[in-house]
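Each remark here refers to the structure printed beneath this line.
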Amino acid sequence: AALSEAARQEDKWQYWQARALTETGQPQQAAAIFQAIAAHRGFYAFLAADYLRQDIQLNHRPVTATEREVGALEKSSAFQVIDELLAIDRKSEAVGQWRHAIADLDNRQLQVAAKLAQDRQWPSMAIFTLAKAQHWDDMELRFPLWFNNQIQSNAGRNQLDPALVFALIRQESAFDEFAGSPAGAIGLMQVMPKTARQIAGELRQDWNNDFNLLNPDINIRYGSYYFKKVLDQFGGHFVLAAAAYNAGANRIKQWLPKDQDLPADIWIETIPYKETRGYVSSVLMYALIYQQRLNRHSLKTGDLLRAINPG
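If you read the sequence shown in my numbering, its first letter stands for residue 53, the second for the next number, and so on.
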């Protein structure tokens, strides 16, 4: 089941209590706490499952919607306008109309609307609408496999696990190809135009328009290439690469331990920037969720969470 914020915090404190018990020679007491947490879905639950060498639990509970419920929304004038805008490829206008259309819906109607967005092949709006309904347990709606062909081919080209690329897109843009940031990052993988121009030079490709990054094919190609560069820069360490993708490589180097190895879970917990701390834990969690969604078994939590070496 979905966890409230209070319950998520409880998982966090329980996890660290269990970790302390493992460090003080009380493994049985630690295992009992880890076992309770591992039944949940979340960052600390997945860490607990790794300690126990167990599979993570997704606790998938799909949204169901009857034809009558879907039909009632589809026939409303607000949703008909949305369909007309989508039909003529005016998606950015349709976004504003969608947000207006769902503003007064109750939670049940919001769940139906999320299914409607999925049917319209609009994953970003399905994710947004389901979050507004506070329904966290439909793994197919929340973690779609959209742009699968582009992700698989670019992951292969860059020797990346596709679950990592899916996780980055889910965190960076929630599959909104038109996403933009105040800093100027663009598209699915939130690539900076300056970075894109640099990559174009390395790939010996022409670059004449930063709005090329709104094209999913180009964005995924450049974003995957860039993440692979960052991953190589940090010796294939996923946690460090994810942190650098968010906060910049120079900052991460300043945060490395000075004298001795540090367990990755402790390093994540002590990242000075709250945003980056949340980013890294989310991307790690999403990568493990996407591995299950893709029916893959190549990623191991322990491999992703290798100890952090001194800088």
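Yeah, the Cβ is synthetic: ideal placement off N, Cα and C, and Gly gets one too.
* To do: Using 10 angstroms around the beta-carbon of Lys246, count the other beta-carbons present and answer buried if the total reaches 16, otherwise exposed.
  => Flag for Lys246 reads exposed.
* To the nearest angstrom, how far is it from the Cα of Glu229 to the Cα of Asn201? -> The alpha-carbon atoms of Glu229 and Asn201 are separated by roughly 15 angstroms.
* To do: Could you spell out the range, first to last residue, of the alpha helix (DSSP H) harbouring Trp174?
  => Per DSSP, Trp174 lies in no alpha helix (DSSP H) segment and is marked neither H nor E.
* Indicate the three-state DSSP secondary structure (helix, strand or coil) for Val217 in the structure shown. => Correct three-state label for Val217: helix.
* Looking only at its own chain, which residues have a Cβ that is under 7 angstroms from the Cβ of Gln170, when we skip the five neighbours before and after it? -> If we look at Gln170 and ignore the five residues flanking it on each side, its Cβ neighbours are Ala178, Leu193.
* So, using beta-carbon positions, are Thr353 and Asp102 closer together than 8 angstroms? -> Taking 8 angstroms as the Cβ cut-off, Thr353 and Asp102 qualify as a contacting pair.
* Entirely within the segment 67-110 and at least 3 residues each: give me those beta strand (DSSP E) ranges in chain order. => Entirely contained in the segment 67-110, not one beta strand (DSSP E) run reaches 3 residues.
* Asked: Per DSSP, what kind of secondary structure is Gly148 in: helix, strand or coil?
  -> Gly148 falls in the helix class under three-state DSSP.
* **Limits of the unbroken alpha helix (DSSP H) element including Ala294** => In this chain, the alpha helix (DSSP H) harbouring Ala294 covers 290-299.
* Asked: Among residues of its own chain, excluding the 5 on either side of Arg249, which ones have a beta-carbon nearer than 7 angstroms to its beta-carbon?
  -> Here the set comprises Trp259.
* With which residues is Leu168 paired in a DSSP beta bridge? -> The bridge partners DSSP lists for Leu168 come to none.
* Is the CB of Phe195 under 8 angstroms away from at least one CB in chain D? -> Considering every chain present, this structure includes no chain D. It has just one protein chain.
* Asked: What is the DSSP secondary structure of Trp266, counted as helix, strand or coil?
  -> The question names Trp, but residue 266 is Leu in the sequence shown. Leu266 falls in the helix class under three-state DSSP.
* DSSP on Leu182, reduced to helix/strand/coil? -> Leu182 sits in a helix when the DSSP states are folded into three classes.
* Asked: Between Leu197 and Ile221, which are expected to be in contact by the criterion C-beta below 8 angstroms, what is the C-beta distance as a whole number of angstroms?
  -> Rounded, the Cβ-Cβ distance is 11 angstroms, inconsistent with contact.
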